[in-house]
Amino acid sequence: MTDPLQRPRRKDPLRRTTLGHVPPRLRSRAAMEMATHAAQGRFVLQTCESCDRATYPPRDRCPNCWGELVWREQDAGGQVAAETTIRHSTDTYFRNHMPWRIGTVRLDAGPTAIVHLHGEAGVGDRVNMVLKLDRGGNPALFAMPRGDVPNMQDDPQFRSFTADPKHRRVLVTDGRTDTGQAIARALLDAGAAKVFVGDCAPLMRFAGKQQLAALDGAELVPLDVTDTHSVGNLAAQLGGRIDIVINTAGQVREGGVAFGAKLSDLQAGLDTGVVGLMRLAQAFGPALGARSDDGVNSAAAFLDVVPVSGLSGQSGYSGTAASAAARLSLLSGFRGEMQKAGIRVMSVLTGPVDDAWHQRLPQPKTAPSHLARTVVAALRDGQEISCAGDVAKDLFARWRADPLLTMREENR
Amino acid sequence: MTQTPLAALSQALITGGVECIDLTNTLSPDFPVIVLPAEFGQCAPFRMEKVSRYDDNGPAWYWNNISMNEHTGTHFDAPAHWVTGKDLPSNTVDAVPVQDFVAPAVVIDISDEAAADEDFVVTRAFLEDWEARHGKIPDRHWIALRTDWYKRVGTPDYLNLKEDGAHSPGPDGGAMDFLVHQRNCIGLAVETVGTDAGQAFHFDPPLPAHSILHGNGRYGLQCLTNLDKLPTFGALIVACPLKIEGGSGSPLRVIALVERAQA
Chain D
1 MTDPLQRPRR KDPLRRTTLG HVPPRLRSRA AMEMATHAAQ GRFVLQTCES CDRATYPPRD
61 RCPNCWGELV WREQDAGGQV AAETTIRHST DTYFRNHMPW RIGTVRLDAG PTAIVHLHGE
121 AGVGDRVNMV LKLDRGGNPA LFAMPRGDVP NMQDDPQFRS FTADPKHRRV LVTDGRTDTG
181 QAIARALLDA GAAKVFVGDC APLMRFAGKQ QLAALDGAEL VPLDVTDTHS VGNLAAQLGG
241 RIDIVINTAG QVREGGVAFG AKLSDLQAGL DTGVVGLMRL AQAFGPALGA RSDDGVNSAA
301 AFLDVVPVSG LSGQSGYSGT AASAAARLSL LSGFRGEMQK AGIRVMSVLT GPVDDAWHQR
361 LPQPKTAPSH LARTVVAALR DGQEISCAGD VAKDLFARWR ADPLLTMREE NR
Chain R
1 MTQTPLAALS QALITGGVEC IDLTNTLSPD FPVIVLPAEF GQCAPFRMEK VSRYDDNGPA
61 WYWNNISMNE HTGTHFDAPA HWVTGKDLPS NTVDAVPVQD FVAPAVVIDI SDEAAADEDF
121 VVTRAFLEDW EARHGKIPDR HWIALRTDWY KRVGTPDYLN LKEDGAHSPG PDGGAMDFLV
181 HQRNCIGLAV ETVGTDAGQA FHFDPPLPAH SILHGNGRYG LQCLTNLDKL PTFGALIVAC
241 PLKIEGGSGS PLRVIALVER AQA
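Chains as they are written, first to last, in UniProt numbering: chain D, 1 to 412; chain R, 1 to 263.
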């Protein structure tokens, strides 16, 4: 079994916080392609279109026959052929994480790869390979033990590839919705040390407030993402002890572009969804970035819950989709910025949530509890892009295959 | 030489015989705005984005962009705010005669009644009884309804929004007919978030203060503070809304001129 992770003691105020270095980031375009698959939680390798052999590490042509390479999902099995423990490195990131175990794994898919080893995976073991993103956003193969290993998630090496909420302190930006409340609950169930839950109108009651306030580990905090002062004030108070930010704020309103739309709704929606995201990023991003290597409860991630319609637009909800699209664009930029600081910027794409603002839409809709499970799973897996609900999964799959067609389909 | 009225006022302002009382709540992001049922458009709260504060965006100067609804914070309601006033002449803030921005006030104190019953309704009978005790409400005055509601600002009890709607005092239709048609008031000035009672949607007619005031070219002043500092008669209210083209109302600074009590 893996030693269970101990809840960290409070910080020694005399100790200089370890700077959050990131692993080396000079990679090829092919490696970046691999990263986009890792971001979606897929185990892929390049396969030659001519000779059908899988290859690793990423290359531009097949090393066997010079054929074209394409990314294909692969059998994730393998066997550890050799292992070694690195005790010295000239790299600033790895120097702070010594000793570090790596191994050689014969992949069932064909190639032999040098991989990061889970503490419970050793020579001769059958392993499950996962494709992860390291803190700098690089793709990396990680060998996980097979079977049920207690506390498997707690392996310190593996933990650096995830944003596991265990023992971490999380901010959920909007707790006035079922979604925000379900996420807060799921985080506490997943071992979060503390969940701060934003309330944009502390003087105004909301359904579920009593139950939320009574949750052990949850604390309501005033936070209105449409108010720069409010966001700044909370960051000033809590920025240094929030390890994960989960943005659940957003406004969904019906309406087209030329027909049935209200400009005041669009403005309010953009202010909440887009400007609000930027306010959060500006207020919390630097504090997160400064603590990306701060021990067990290092700062780890900024996760945005965003409508999947941002990929395609959506008839009947054009303004909401436009706000989501702008949000996705900001997230891409924010991701690039935070990768340099070792913080994961993640998005959970959601279909229409089963709430009062999607009453006119038919099922299936995304249940807040399902959304919450997806959020926690994304953090535990360190998965940059996840889909919550069948609608989101379907749209995302169609969009990957043909974005222009999906836009037409969604805007009929 | 006989002193003109304005010269006398100027002199009194200089010597302190007349003092100014601020009837305005501070515009801040936290100041509550009226909340409508969720399917309606909502009143935008006050927001302030810094443009520069002696920084790289403006090294020697400090200024902000601000945004809000016309009915955010202490604000003025023009007749065009309500459907009953939509076709009246000069019904928007830019067109309202400026003469109306300076007017005397009569303060009707219902703070005890409001403390005992947060849904206290001012009726014509109540006003007639009030006149019997205090004297007739003069022509062309603001009717300032003192409820001490401003002391609730910063607590949930200010909007007092319960599951069956808001609860705050206000007038009924009979009282508004009386004030507008019999007493020719300038308008109704209140400390609550609206001129109407919290439950006035259920009155007959619904929202009688808005309906009758604005339908007859009168005005509303809401979210006032310090009405308890004014005398029953004799205060002069200065309330100048922003000159917003076609505006239905405006946040504004409201002050009252009162004669200082002689020692």
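Ideal Cβ positions, reconstructed from N, Cα and C, are used throughout, including at glycine.
Check whether D:V225 and D:P8 have beta carbons under 8 Å apart: Within the first sequence, the letter at position 225 stands for residue 225 of chain D. Within the first sequence, the letter at position 8 stands for residue 8 of chain D. No.
Chain R contacts made by the stretch 224-237 of chain D, where a contact means CB separation under 8 Å: Of all residues in the stretch 224-237 of chain D, D224, T226, D227, T228, H229 and S230 have a Cβ within less than 8 Å of some Cβ in chain R.
Interface positions of the stretch 184-210 of chain D facing chain R (Cβ-Cβ less than 8 Å), listed along the chain: So the list reads L203, M204 and R205, given in the order they occur along the chain.
Anticipated Cβ contact below 8 Å, D:T179 with D:P368, distance rounded: Translated into the one-based positions of the first sequence, residue 179 of chain D becomes position 179. Translated into the one-based positions of the first sequence, residue 368 of chain D becomes position 368. Rounded, the Cβ-Cβ distance is 4 Å, consistent with contact.
Top-ranked residue by Cα proximity to D:L203, from R:C223, R:I66 and R:R152: For the purposes of this step, residue 203 of chain D is taken as the residue at position 203 of the first sequence. Nearest of R:C223, R:I66 and R:R152 to D:L203, Cα basis: R:R152.
D:G41 beta carbon less than 8 Å from that of D:Q339: Counting from one through the first sequence, the residue named residue 339 of chain D turns up at place 339. Counting from one through the first sequence, the residue named residue 41 of chain D turns up at place 41. No, they are not a contact pair.
Where R:H75 sits in the DSSP three-state scheme: The residue given as residue 75 of chain R occupies position 75 in the second sequence. In the structure shown, R:H75 falls within a strand segment according to DSSP collapsed to helix, strand and coil.
Complete beta strand (DSSP E) runs within the stretch 134-178 of chain D (minimum length 3 residues, chain order): For the beta strand (DSSP E) assignment, the uninterrupted runs of no fewer than 3 residues enclosed by the stretch 134-178 of chain D are, from N- to C-terminal side, 139-145 and 169-172.
Coarse secondary structure for D:R7, derived from DSSP in three states: Within the first sequence, residue 7 of chain D is the residue found at index 7, counting from 1. Coil, per DSSP.
C-alpha gap between D:L117 and D:R146, whole angstroms: Here residue 117 of chain D corresponds to residue number 117 of the first sequence, with the count starting at 1. Here residue 146 of chain D corresponds to residue number 146 of the first sequence, with the count starting at 1. Spanning the two alpha carbons is a distance of roughly 12 Å.
Chain D contact for R:T92 (CB, 8 Å cutoff): Walking along the second sequence from the start, residue 92 of chain R turns up at place 92. Chain D places no beta carbon closer than 8 Å to that of R:T92, leaving this residue out of the contacts.
Residue from D:C387, D:V149 and D:V245 with nearest C-alpha to D:L277: Sequence index remark: in the first sequence, residue 277 of chain D carries index 277 (1-based). Minimum Cα distance to D:L277 is reached at D:V245.
Residues of the stretch 173-195 of chain R whose Cβ lies closer than 8 Å to any Cβ of chain D, in chain order: Those residues of the stretch 173-195 of chain R that come within reach of chain D (Cβ to Cβ, closer than 8 Å) do not exist; the list is empty.
R:C223 burial status per 10 Å Cβ neighbour count (16 or more: buried): For this step, residue 223 of chain R is matched to residue 223 along the second sequence. Answer is buried; the Cβ neighbour count reaches 16.
Proximity to R:T145 [Cα-Cα], best of R:P104, R:D164, R:I110 and R:H81: Taking the first residue of the second sequence as 1, we reach residue 145 of chain R at position 145. A small correction: the amino acid at residue 145 of chain R is Leu; Thr does not occupy that position in the sequence shown. Here the closest residue by C-alpha is R:I110.
Cutoff 8 Å: D:K11 Cβ touching any chain R Cβ: By one-based count along the first sequence, residue 11 of chain D stands at place 11. No, because no Cβ of chain R sits closer than 8 Å to the Cβ of D:K11.
Own chain residues within Cβ distance below 7 Å of R:I186, not counting five before or after: On the second sequence, position 186 is the one that residue 186 of chain R refers to. D100, A103, R140, H141, W142, R218 and Y219, listed in sequence order.
Under 7 Å by beta carbon: chain R residues contacting D:S264: Position 264 of the first sequence holds residue 264 of chain D. Near D:S264 (Cβ distances below 7 Å), the residues of chain R are G41.
Interface residues of chain D facing R:P156 [CB-CB closer than 9 Å]: Numbered from its first residue, the second sequence carries residue 156 of chain R at position 156. Taking a Cβ-Cβ threshold of 9 Å, the residues of chain D close to R:P156 are P202, L203, M204 and R205, in chain order.
Sequence-distant residues of the same chain with beta carbon closer than 8 Å to R:F31, five excluded per side: Reading the second sequence from its first residue, position 31 is the one you call residue 31 of chain R. If the five residues before and after R:F31 are omitted, its C-beta is found closer than 8 Å to the C-beta atoms of N25, P45, F46, T72, G73, V153 and C223, all from its own chain and listed in chain order.
CB contact flag (R:L213, R:M176, <8 Å): Numbered from 1 along the second sequence, position 213 holds the residue referred to as residue 213 of chain R. Numbered from 1 along the second sequence, position 176 holds the residue referred to as residue 176 of chain R. Against a cut-off of 8 Å, the Cβ pair of R:M176 and R:L213 comes out as a contact.
Nearest candidate by alpha-carbon position, reference D:L280, set D:D52, D:L238, D:E73 and D:Q211: As a working mapping, residue 280 of chain D is identified with position 280 in the first sequence. When D:D52, D:L238, D:E73 and D:Q211 are compared, the shortest CA-CA separation from D:L280 is found for D:L238.
R:P208 versus R:L188: straight-line alpha-carbon distance, rounded: Stepping through the second sequence from its first residue, residue 208 of chain R is reached at position 208. Stepping through the second sequence from its first residue, residue 188 of chain R is reached at position 188. When rounded, the distance between both Cα atoms is 12 Å.
C-beta atoms of R:D76 and R:A239 nearer than 8 Å: The sequence position of residue 76 of chain R within the second sequence is 76, counting from 1. The sequence position of residue 239 of chain R within the second sequence is 239, counting from 1. Reading the sequence as shown, one finds Phe at residue 76 of chain R and not Asp. Contact flag set, yes.
Residues bridged to R:G249 (per DSSP): The residue given as residue 249 of chain R occupies position 249 in the second sequence. Paired residue(s): R:D77.
C-alpha gap between R:P97 and R:L23, whole angstroms: Position 97 of the second sequence, counting from 1, holds the residue named residue 97 of chain R. Position 23 of the second sequence, counting from 1, holds the residue named residue 23 of chain R. So the two alpha carbons sit approximately 22 Å from each other.
Per-residue contacts from R:P32 into chain D (C-beta, under 9 Å): By one-based count along the second sequence, residue 32 of chain R stands at place 32. What R:P32 touches in chain D: A201, L203 and M204.
Proximal residues to R:S52 (C-beta, below 7 Å), its chain only, five neighbours per side dropped: Your numbering for residue 52 of chain R matches position 52 in the second sequence. The beta carbon of R:S52 lies closer than 7 Å to those of G58, W61, Y62 and W63 in the same chain, with the five residues before and after it left out.
Neighbour list for residue 271 of chain R in chain D, Cβ cutoff strictly below 7 Å: With chain R covering 1 to 263 only, the question about residue 271 of chain R has no answer from this structure.
Neighbour-count burial assignment, D:G260, 16 or more Cβ in a 10 Å radius: Here residue 260 of chain D is taken as the residue at index 260 of the first sequence, counted from 1. D:G260 counts as exposed, since fewer than 16 other beta carbons sit within 10 angstroms of its beta carbon.
Interface flag, R:P37 vs chain D, CB-CB below 8 Å: If you number the second sequence from 1, residue 37 of chain R lands on position 37. So no, R:P37 is outside the interface.
Segments assigned alpha helix (DSSP H), at least 4 residues, entirely inside the stretch 199-258 of chain D: List check, alpha helix (DSSP H) in window: 209-214 and 228-238.
Nonlocal neighbours in the same chain, by C-beta distance under 6 Å from D:T228, ignoring five residues either side: The residue you call residue 228 of chain D lines up with position 228 of the first sequence. The answer, listed in chain order, is R279.
Whole-number beta carbon distance between R:G165 and R:Q199, since they are thought to touch under 8 Å: Here the question's residue 199 of chain R lines up with position 199 in the second sequence. Here the question's residue 165 of chain R lines up with position 165 in the second sequence. So it is a contact: roughly 6 Å between Cβ atoms.
CA nearest to the CA of R:I66, picked from R:W82, R:T92, R:P29 and R:K86: Numbered from 1 along the second sequence, position 66 holds the residue referred to as residue 66 of chain R. Checking every option, the nearest Cα to that of R:I66 belongs to R:P29.
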